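A quick write-up on the structure given underneath.
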Amino acid sequence: MEIKETIDQIIGEFENFDDWMDKYNYLIDMGKALPLIEDKYKTESNLIVGCQSRVWLHSSYSDGKILFTADSDAVITKGIVFLLIRIFSGHTPAEIIDAQTEFIDKIGLREHLSPTRSNGLVSMIKQIKLYALAYKTQESLES
Amino acid sequence: MYDKLTSGTIRQDFPILGRQVYGKPLIYFDNAATTQKPHQVIEAISKYYYEDNANVHRGVHYLSQQATNAFEDVRKQVAAFLNAGNSREIIFTKGTTDSINLVAATFGRMIVNEGDEILVSAMEHHANIVPWQMLCEEKKAHLKVIPVSDSGELDLEALVSLLNYRTRLLAITHVSNTLGTINPVKEIVAMAHSKGIPVLLDGAQGVSHMPVDVQDLDCDFYCFSGHKLYGPMGIGVLYGKEELLNRMPPYQGGGEMIDQVTFEKTTYNELPYKFEAGTPNVADVIGLGAAISYLSDIGVENIGKWESELLDYATSKLKQIGGITFYGEAKHKASVISFLINGIHPYDAGVIIDHMGIAVRTGTHCTQPLMDRFGISGTIRASMAFYNTRSEIDGLIKAVEQVKKMFR
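If you read the protein sequences in the order shown, they are chains A and B. Read in our numbering, the first sequence has 151 at position 138, and its numbers run on one by one without any break. Read in our numbering, the second sequence has 111 at position 29, and its numbers run on one by one without any break.
Below is the structure:
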């Protein structure tokens, strides 16, 4: 599935929620259900700065695609990280770099998360795009 | 007056308390971060800009003199509020952080040399750590730390043993912003003075909860911020003993702080102007004056009494829920409760509590070393003011129960 399709799918899912509590219950369920990362990758160097909770993001690269795994010590954050992984993992560096990220507004996460918190979300996306940029540079050096 | 607190009618003085967030009535429990402002303060500031604005200590014209008088009257008012010996000992700053930095940059640089020690405690706000750390780095001096007990109290025996012939200054908080602990500062000052060591008290969380008498405490410096005292942001106070302030070099250079300026040599103005370079924040000084008048009308004792009732009520209600760990269970506490809901990250709890219209703080509260001391990444902090009510506490309890339900 293309990045845009996944984003549209997520926007659709979030439209079903009538109130904030349903939305957060969904994020909590996502956050609880998923072991997202191997413990050995929960390292200092995989920590994303700018989040009130700790977020680890690990990337690997094979067959031209980037795979992301992640975790957080806060459940809601983990739910949000899961959304990002659903969107970005398994795509090429170029697709990730070009992806639009306005969906955060559409699913009402920015309006419901205060600036410092949504900066955390912004930091996560920035980090994902940075990884993509690094792999893209690597690709062009190798070709 | 006290019944205005118990009945909650005092809330009518605070316009913001009538607003809603997320469609729910705002419950404001982040008073240790900043307090809300009564309309008396807001009106004093706007009246100043509408009718009285002029630069101070400059012109002979009517408005300038009127502004100067009003500005200097607040200085006298602050001196009386702290029971300082005279108003020359009151320096207007931007806030507590600015006050501490002023002392570090002037007094600190003057007295600290290589190998010397500055003593702080493990419960200090970053504002009472970092300026001293920077000074120590510059002077090759050492920062020493008084440990904190599990209940959140200072280890006074350790304090005594840490005060030695190399100690140049003890800088300590009056009330912990994270734990609520009220430190026995009068005794601490006496302990330090018995060894000839001066003491700076960080009063950012002190002045709003209890009467402060700097002569009785005998501290050498006392700092506080206007915005945590129901006054405006961007204004603060440094009290210093006159004899020390006179010995200290100036802080920033500029207008107002000078006596005579030539390109060869400049002589400095006398106290307190020596430490107030540039045009001061006149409007917010006026606002601070209005805040102090307002608080004096209510009576700081009344405020402390009601807040301590709220603290007891909230603590016992939270205890009834169960599964809560408290941080800061000192015998003497201001109305600050730091806690964690067992097994739930404070960020997760904070997001849900916020959506229920309740403003609490989650995180490290600018006290990362203290979080390390307790081995946690942060807490949920509810800090109460005299305008809070029991029913608002009931609201918080409901929110905490909701959090427990959602993350179970």
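Glycine included, each C-beta is placed from N, C-alpha and C at the ideal position. Being a predicted model, the structure only gives us computed values, none of them experimental.
In terms of DSSP beta bridges, what is residue i paired with?
i       : result
P107(B) : Q102(B)
S73(A)  : L80(A)
S153(A) : Beta-bridge pairing links S153(A) to no other residue.
A464(B) : I419(B)
D155(B) : Paired residue(s): none; D155(B) is not in a bridge.
A253(B) : L282(B)
G322(B) : F303(B)
V382(B) : Partner(s): none; V382(B) has no beta bridge.
K226(B) : L201(B)
H104(A) : I79(A)
V88(A)  : Answer by DSSP bridge pairing: none, since V88(A) is not bridged.
I264(B) : V257(B)
V68(A)  : S85(A)
I'd like the span of the beta strand (DSSP E) that includes residue i, first residue to last.
i       : result
C305(B) : 303-307
I173(B) : 172-175
Y350(B) : 348-350
Is DSSP giving residue i helix, strand or coil here?
i       : result
D341(B) : strand
E199(B) : strand
F116(A) : helix
Y409(B) : strand
T397(B) : helix
Y333(B) : coil
A145(A) : helix
I317(B) : coil
I279(B) : coil
D112(B) : strand
T444(B) : strand
H208(B) : helix
L145(B) : helix
S127(A) : Here S127(A) scores only 49 on pLDDT, less than 50, and its place in the model should not be relied on; the value that follows carries that caveat. Of the three classes helix, strand and coil, the one that applies to S127(A) here is coil, per DSSP.
L60(A)  : strand
K363(B) : For the sequence presented, residue 363(B) should be read as Asn rather than Lys. In this structure, N363(B) counts as coil in the three-state DSSP scheme.
Q287(B) : coil
K221(B) : helix
D232(B) : coil
In chain order, what residues of the same chain have a beta carbon less than 6 Å from the beta carbon of residue i, not counting five sequence neighbours either side?
i       : result
I435(B) : V442, A481
G369(B) : V123, A126, I127, G313, P314
A223(B) : V194, D198
A136(B) : L145, S146, A149
S127(A) : Bear in mind that a pLDDT of 49 at S127(A), under 50, signals an unreliable position, so the number given afterwards is only what the model happens to contain. Same-chain partners within the cutoff: there are none.
R472(B) : Y395
D300(B) : V271
S181(B) : T175, C305, G318, L320
Leaving aside the five residues before and after residue i along the sequence, list all residues of the same chain whose C-beta is less than 8 Å from its C-beta, in chain order.
i       : result
F30(A)  : K36, Y39
P332(B) : T188, M339, Y350, K356, F357, A359
P428(B) : L422, T444, G445, S459, G460, T461, I462
H125(A) : Below a pLDDT of 50, predicted positions are generally treated as unreliable, and H125(A), at 47, falls in that range; the measurement from the model is reported next regardless. Closer than 8 Å at the Cβ level, and outside the excluded window around H125(A), lie W33, K36.
I110(A) : K142, A145, L146, K149
Over what stretch of residues does the alpha helix (DSSP H) that includes residue i continue unbroken?
i       : result
R455(B) : 450-456
T178(B) : 178-185
L244(B) : 238-244
Y37(A)  : 33-46
K480(B) : 472-488
V123(B) : 121-129
P428(B) : 428-437
K17(A)  : 16-28
K86(B)  : 84-88
Once you ignore the five residues that flank residue i on each side, which residues in its own chain have a CB closer than 7 Å to its CB?
i       : result
M330(B) : T188, F189, M192
I172(B) : R157, V160, A161, A166, V319, Y321, P354
D341(B) : T349, Y350, N351
Q484(B) : I434, M438
M488(B) : I434
D86(A)  : S66, R67
N113(B) : S465, M466, A467
C218(B) : I200, H224, L225
E411(B) : S233, G234
Answer yes or no: the CB of residue i versus the heavy atoms of the ligand ZN, is any distance below 7 Å?
i       : result
A107(A) : Although the ligand ZN was asked about, the structure shown includes no ligands whatsoever.
Compare the C-beta of residue i against all C-beta atoms of chain E and say whether one is closer than 8 Å.
i       : result
G313(B) : Annotation note: the requested chain E is absent from the structure, which comprises protein chains A and B.
**Request:** Below 8 Å between beta carbons is the criterion; list the residues of the stretch 440-453 of chain B that meet it against any residue of chain A, in chain order.
**Result:** Residues of the stretch 440-453 of chain B with a Cβ closer than 8 Å to any Cβ of chain A, in chain order: T444, G445.
**Request:** Output, in sequence order along the chain, the residues in the stretch 479-490 of chain B whose CB is closer than 8 Å to any CB in chain A.
**Result:** Under the 8 Å Cβ criterion, the stretch 479-490 of chain B contributes M488, F489.
**Request:** With 7 Å as the limit, tell me which residues of the stretch 417-440 of chain B have their beta carbon closer than that to any beta carbon of chain A; keep them in chain order.
**Result:** Those residues of the stretch 417-440 of chain B that come within reach of chain A (Cβ to Cβ, closer than 7 Å) are H427, Y429, D430, V433, I434, H437.
**Prompt:** Going along the chain, which residues of the stretch 28-46 of chain A sit with their C-beta nearer than 7 Å to a C-beta in chain B?
**Reply:** Of all residues in the stretch 28-46 of chain A, those with a C-beta nearer than 7 Å to a C-beta of chain B are W33, Y37, N38, I41, reading in chain order.
**Prompt:** Going along the chain, which residues of the stretch 78-107 of chain A sit with their C-beta nearer than 8 Å to a C-beta in chain B?
**Reply:** Here the close residues are D86, A87, V88, I89, T90.
**Members of the stretch 134-153 of chain A near chain B, C-beta cut-off 8 Å** = Listed by position, the residues of the stretch 134-153 of chain A near chain B (Cβ gap below 8 Å) amount to none.
**Asked** Name the residues in the stretch 55-79 of chain A whose C-beta lies less than 8 Å from a C-beta of chain B; which are they?
**Response** Correct list: Q65, S66, R67.
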